[in-house]
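**Student:** Residue numbers for the sequence shown follow our numbering, so the first one is 399 and each next one is one higher. Even for Gly, the Cβ is constructed at its ideal location relative to N, Cα and C.
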Amino acid sequence: MDFDMLGLAPRLVNVLKEQGITDPTPIQTQAIPHAMNGRDVMGLAQTGSGKTAAFGLPMIHALLKAGVKPNPKTSRGLILAPTRELAKQIADNLTAYTKGTHLKVALVVGGAGIVAQTKRLAGGVDLLVATPGRLIDLLDRRAVRLDETIYLVLDEADQMLDMGFIHALRRIAPLLAKDRQTMMFSATMPKLMGELAGTYLTDAIRVQVNPPGQAVKKINQSVHFVAQAAKTDLLIELLDKHRDELAIVFGRTKHGCEKLYKVLEKKGFAAASIHGNKSQGQRQRALEAFKAGKTRVLVATDVAARGLDIPDVRFVYNYDLPNVAENYVHRIGRTARAGADGSAVALVAPDEMIELKDIEKAMKDTIPVASGREWEIQPGQKKRPNGGGGGGRRGAGGGGNRSGAPRAAGKPGGGQGKPAGRRRSGGGGNRSRSQSAA
Ligand code: AMP
Numbered sequence: 399m400d401f402d403m404l405g406l407a408p409r410l411v412n413v414l415k416e417q418g419i420t421d422p423t424p425i426q427t428q429a430i431p432h433a434m435n436g437r438d439v440m441g442l443a444q445t446g447s448g449k450t451a452a453f454g455l456p457m458i459h460a461l462l463k464a465g466v467k468p469n470p471k472t473s474r475g476l477i478l479a480p481t482r483e484l485a486k487q488i489a490d491n492l493t494a495y496t497k498g499t500h501l502k503v504a505l506v507v508g509g510a511g512i513v514a515q516t517k518r519l520a521g522g523v524d525l526l527v528a529t530p531g532r533l534i535d536l537l538d539r540r541a542v543r544l545d546e547t548i549y550l551v552l553d554e555a556d557q558m559l560d561m562g563f564i565h566a567l568r569r570i571a572p573l574l575a576k577d578r579q580t581m582m583f584s585a586t587m588p589k590l591m592g593e594l595a596g597t598y599l600t601d602a603i604r605v606q607v608n609p610p611g612q613a614v615k616k617i618n619q620s621v622h623f624v625a626q627a628a629k630t631d632l633l634i635e636l637l638d639k640h641r642d643e644l645a646i647v648f649g650r651t652k653h654g655c656e657k658l659y660k661v662l663e664k665k666g667f668a669a670a671s672i673h674g675n676k677s678q679g680q681r682q683r684a685l686e687a688f689k690a691g692k693t694r695v696l697v698a699t700d701v702a703a704r705g706l707d708i709p710d711v712r713f714v715y716n717y718d719l720p721n722v723a724e725n726y727v728h729r730i731g732r733t734a735r736a737g738a739d740g741s742a743v744a745l746v747a748p749d750e751m752i753e754l755k756d757i758e759k760a761m762k763d764t765i766p767v768a769s770g771r772e773w774e775i776q777p778g779q780k781k782r783p784n785g786g787g788g789g790g791r792r793g794a795g796g797g798g799n800r801s802g803a804p805r806a807a808g809k810p811g812g813g814q815g816k817p818a819g820r821r822r823s824g825g826g827g828n829r830s831r832s833q834s835a836a
């Protein structure tokens, strides 16, 4: 099967060929024919699966075929993405796929100048990639209207659920052409997604490459049971073993990530951080330095790092477990891309046990233990409050000097937990490195 056989215009097939894109990926093989037939599509696939082309190529094909010039301040297609980084990545890909054609691709995201974006939209564009907040801003300023928009894509739609974009969507969707084609892509399929699909898609065909909630098999997962106060030291110890490899460290709060990144930098790691408190320029620079291998450790919150296509990430550390189980799958999906090997290491404090159980339930699998013993869940123990607001006391980071906190098994430094008597299967050594390193 090649792109010709999927029915794409020869001109488009040639552009792809020039970029080394010759064999459709599974999500492309499945989605493109339906999308070309004008069907609404619900696609379950992660970044890295080639999903941008899966929704982008049919739109580009149709736009080339129609040959209609967009009217001023309109866009024929709209792609909504949850984060600025993802939006930029999509726009970059679509720009590459439309190379040599008359099609215009525009990117509008927060954190960048609105005047230049307004100018870009003035003459009308064919494909508009946007984050919802900035798009609403531009709609309010009458810099763009959507009544001629006949293609809508919601990318990483499950993350939009997390991030409260539903409200934005409720405002944006009614402004689009009634007779339109809608495609929704998501890495997971939580219940709310079904409702979202029911609201915005009509008679959609569902295509899927990885069963939702199941991690890619090549990822070597492990968990260390370690007190919160000892996490930073353990992380440093682990990172130190592979200083030349790219690693992403996920924390829960912006503030915590910033602190942790500073500790790592002091320890001589080429580190950077990405989170919602950084300017767009800082985020983009950090990402580019990481992609180029100039920085080796990227400390990030979920908001900033999901959906990104960064090749060669060998290690993903969950310094804090995510509040939402599906995000674990997203996070560890940053490694083992393009068939490479990758490791996902979770550092779990006593008060993260509920999160861990949720994650294992979602994956229908237990994560092998690398060190420590499973903490006992206390009666009445609840999930940690969501760290999204930044500055949470329990967020990532800062623990560097608090390693004097008790670590010996049975005296966890992290608070209420106690190691449970049971050691889980698949474990490595029988003493925790963290618990014996004090
Ligand atoms: P995506 O999942 O859309 O973020 O795509 C991940 C990367 O794979 C992007 O850099 C694409 O340009 C690339 N890509 C997409 N489709 C193909 C394909 N059929 N063959 C090779 N590379 C592809």
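1) Taking only the alpha-carbon atoms, compute the straight-line gap between Ala-602 and Ala-669 and give it to the nearest angstrom.
2) Within 10 angstroms of the Cβ of His-565, are there 16 or more other Cβ atoms? Answer buried if so, exposed if not.
3) Am I right that Thr-499 and Leu-462 are in contact with their C-beta atoms under 8 Å? What's the rounded C-beta distance?
4) Would you identify the three-state DSSP class for Glu-669, choosing helix, strand or coil?
5) In the DSSP assignment, the alpha helix (DSSP H) including Phe-453 goes from what residue to what residue?
6) Which residue or residues does DSSP assign as beta-bridge partners of Phe-688?
7) Are there 16 or more other CB atoms within 10 angstroms of the CB of His-640, so buried, or fewer, so exposed?
8) Per DSSP, which one or two residues make a beta bridge with Thr-516?
9) Over what stretch of residues does the alpha helix (DSSP H) that includes Ile-631 continue unbroken?
10) Sorry if obvious, but does the Cβ on Thr-450 come closer than 7 Å to a heavy atom of the ligand AMP?
11) Does the distance between the C-beta of Ser-447 and the nearest non-hydrogen atom of the ligand AMP fall short of 7 Å?
12) Apart from the five residues just before and just after Arg-543, which ones in its own chain have a Cβ nearer than 8 Å to its Cβ?
13) Across which residues does DSSP place Gln-606 in a beta bridge pair?
14) Which class does Ala-504 belong to by DSSP, given the choice of helix, strand or coil?
15) With DSSP as the reference, label Val-701 as helix, strand or coil.
16) Restricting to runs no shorter than 4 residues, where is the alpha helix (DSSP H) found entirely within the stretch 512 to 598?
17) Going by the CB atoms, is the gap between Val-697 and Tyr-726 shorter than 8 Å?
18) Closest to Thr-547 by C-alpha separation, out of Arg-539, Val-527, Gln-557, Phe-563, would be which residue?
19) Could you check whether Leu-550 and Leu-476 sit closer than 8 Å to each other, using their CB atoms as the reference points?
20) The beta strand (DSSP E) with Gly-740 in it runs from where to where?
21) How about Val-647 and Gly-441: do their beta carbons lie closer than 8 Å?
22) So, is Val-711 buried or exposed, given that buried needs 16 or more other C-beta atoms within 10 angstroms?
23) Would you please state the rounded distance, in angstroms, between the beta carbons of Ile-730 and Met-751? I believe it to be under 8 Å.
24) Leaving out five residues on either side along the sequence, give the residues of the same chain with a beta carbon under 7 Å from the beta carbon of Val-506.
25) Of the residues Thr-445, Gln-487, Val-503, Glu-686, which one's Cα is nearest the Cα of Ile-458?
26) Is it buried or exposed for Ser-741, if we count other Cβ within 10 angstroms and need 16 for buried?
27) Taking Gln-626 as part of the beta strand (DSSP E), name the residues at either end of that continuous run.
28) Just checking: is the beta-carbon of Glu-758 within a distance shorter than 8 Å of some beta-carbon in chain B?
29) Classify Ala-628: buried if its beta carbon has 16 or more other beta carbons within 10 angstroms, exposed otherwise.
30) Taking Ala-451 and Gln-487 to be in contact with their CB atoms under 8 Å, please state how far apart those CB atoms are, rounded to whole angstroms.
31) I'd like the span of the beta strand (DSSP E) that includes Gly-654, first residue to last.
32) How about Asp-545 and Pro-588: are their beta carbons less than 8 Å apart?
33) Hey, would you say Leu-637 sits closer than 8 Å to His-622, going by beta carbons?
34) Taking the alpha-carbon of Gly-521 as reference, which of Pro-468, Asp-749, Asp-718 has the nearest alpha-carbon?
35) Look at the alpha carbon of Thr-600 and the alpha carbon of Asp-577, and state the distance between them as a whole number of angstroms.
36) Using a threshold of 7 Å, is the CB atom of Gln-606 nearer than that to any non-hydrogen atom of the ligand AMP?
**Tutor:** Judging by the given coordinates:
1) As a first step, residue 602 is located in the sequence shown; it is residue number 204 there, counting from the start. As a first step, residue 669 is located in the sequence shown; it is residue number 271 there, counting from the start. Between Ala-602 and Ala-669, the C-alpha separation is close to 43 Å.
2) Along the sequence shown, one-based indexing puts residue 565 at 167. That one is exposed.
3) Within the sequence shown, the letter at position 101 stands for residue 499. Within the sequence shown, the letter at position 64 stands for residue 462. The Cβ separation is near 6 Å, so the contact holds.
4) Along the sequence shown, one-based indexing puts residue 669 at 271. According to the sequence as given, residue 669 is Ala; it is not Glu. Strand at Ala-669.
5) Along the sequence shown, one-based indexing puts residue 453 at 55. From DSSP, the alpha helix (DSSP H) with Phe-453 extends over 449 to 464.
6) The count along the sequence shown starts at 1 and reaches residue 688 at position 290. Bridge partners of Phe-688: none, in fact.
7) Position 242 of the sequence shown holds residue 640. So His-640 counts as exposed.
8) On the sequence shown, residue 516 is found 118 positions in, with the first residue counted as 1. DSSP output for Thr-516 lists no bridge partner at all.
9) Looking up residue 631 in the sequence shown gives position 233. According to the sequence as given, residue 631 is Asp; it is not Ile. That run of the alpha helix (DSSP H) goes 629 to 638.
10) Position 52 of the sequence shown, counting from 1, holds the residue named residue 450. At least one heavy atom of the ligand AMP is nearer than 7 Å to the Cβ of Thr-450, so yes.
11) Residue numbering aside, residue 447 sits at position 49 when the sequence shown is read from its first letter. Because some heavy atom of the ligand AMP lies under 7 Å away, the Cβ of Ser-447 counts as near it: yes.
12) To locate residue 543, count along the sequence shown from 1; it is residue 145. Around Arg-543: Lys-471, Thr-472, Leu-537, Leu-573.
13) Working through the sequence shown from its first residue, we reach residue 606 at position 208. According to DSSP, which records beta bridges pairwise, Gln-606 is partnered with Leu-442.
14) In the sequence shown, counting from the first residue as 1, residue 504 sits at position 106. Strand at Ala-504.
15) For this step, residue 701 is matched to residue 303 along the sequence shown. Looking at Val-701 - three-state DSSP - the assignment turns out to be helix.
16) 512 to 520, 530 to 538, 555 to 560, 564 to 570, 589 to 598
17) Counted from its first residue, the sequence shown places residue 726 at position 328. Counted from its first residue, the sequence shown places residue 697 at position 299. No, these two residues do not count as a Cβ contact at 8 Å.
18) Walking along the sequence shown from the start, residue 547 turns up at place 149. The residue with the shortest Cα to Cα distance from Thr-547 is Val-527.
19) The sequence position of residue 476 within the sequence shown is 78, counting from 1. The sequence position of residue 550 within the sequence shown is 152, counting from 1. The answer is yes: Cβ separation under 8 Å.
20) The residue labelled residue 740 in the question sits at position 342 within the sequence shown. That run of the beta strand (DSSP E) goes 740 to 746.
21) For the purposes of this step, residue 647 is taken as the residue at position 249 of the sequence shown. For the purposes of this step, residue 441 is taken as the residue at position 43 of the sequence shown. No. Outside cutoff.
22) As a first step, residue 711 must be located in the sequence shown, where it is residue number 313. By the 10 Å Cβ count, Val-711 comes out buried.
23) Sequence index remark: in the sequence shown, residue 730 carries index 332 (1-based). Sequence index remark: in the sequence shown, residue 751 carries index 353 (1-based). So it is not a contact: roughly 19 Å between Cβ atoms.
24) Position 108 of the sequence shown holds residue 506. Gln-515, Leu-526, Ala-528, Arg-532, Leu-533, Leu-536, listed in sequence order.
25) To locate residue 458, count along the sequence shown from 1; it is residue 60. Comparing Cα-Cα distances from Ile-458 to each of Thr-445, Gln-487, Val-503, Glu-686, the minimum goes to Val-503.
26) As a working mapping, residue 741 is identified with position 343 in the sequence shown. The residue in question, Ser-741, is buried, as its Cβ has 16 or more Cβ neighbours within 10 Å.
27) The residue you call residue 626 lines up with position 228 of the sequence shown. No beta strand (DSSP E) holds Gln-626; DSSP gives it neither H nor E.
28) Protein chain content of the structure displayed is limited to a single chain, and chain B is not contained in it.
29) Position 230 of the sequence shown, counting from 1, holds the residue named residue 628. Answer is buried; the Cβ neighbour count reaches 16.
30) Counting from 1 along the sequence shown, the entry for residue 451 is found at position 53. Counting from 1 along the sequence shown, the entry for residue 487 is found at position 89. 12 Å between Cβ atoms; not a contact.
31) As a position in the sequence shown, residue 654 is number 256, starting the count at 1. Where Gly-654 is concerned, there is no enclosing beta strand (DSSP E), although the alpha helix (DSSP H) it sits in stretches over 652 to 664.
32) Locating residue 545 in the sequence shown gives position 147, where the first residue counts as 1. Locating residue 588 in the sequence shown gives position 190, where the first residue counts as 1. Against a cut-off of 8 Å, the Cβ pair of Pro-588 and Asp-545 comes out as no contact.
33) Position 239 of the sequence shown holds residue 637. Position 224 of the sequence shown holds residue 622. No. Outside cutoff.
34) In the sequence shown, the residue the question calls residue 521 occupies position 123. The shortest C-alpha separation from Gly-521 is found at Pro-468.
35) As a first step, residue 600 must be located in the sequence shown, where it is residue number 202. As a first step, residue 577 must be located in the sequence shown, where it is residue number 179. Cα-Cα distance, rounded: 11 Å.
36) Here residue 606 refers to the residue found at position 208 when the sequence shown is read from its first residue. Checking the Cβ of Gln-606 against the ligand AMP gives no.
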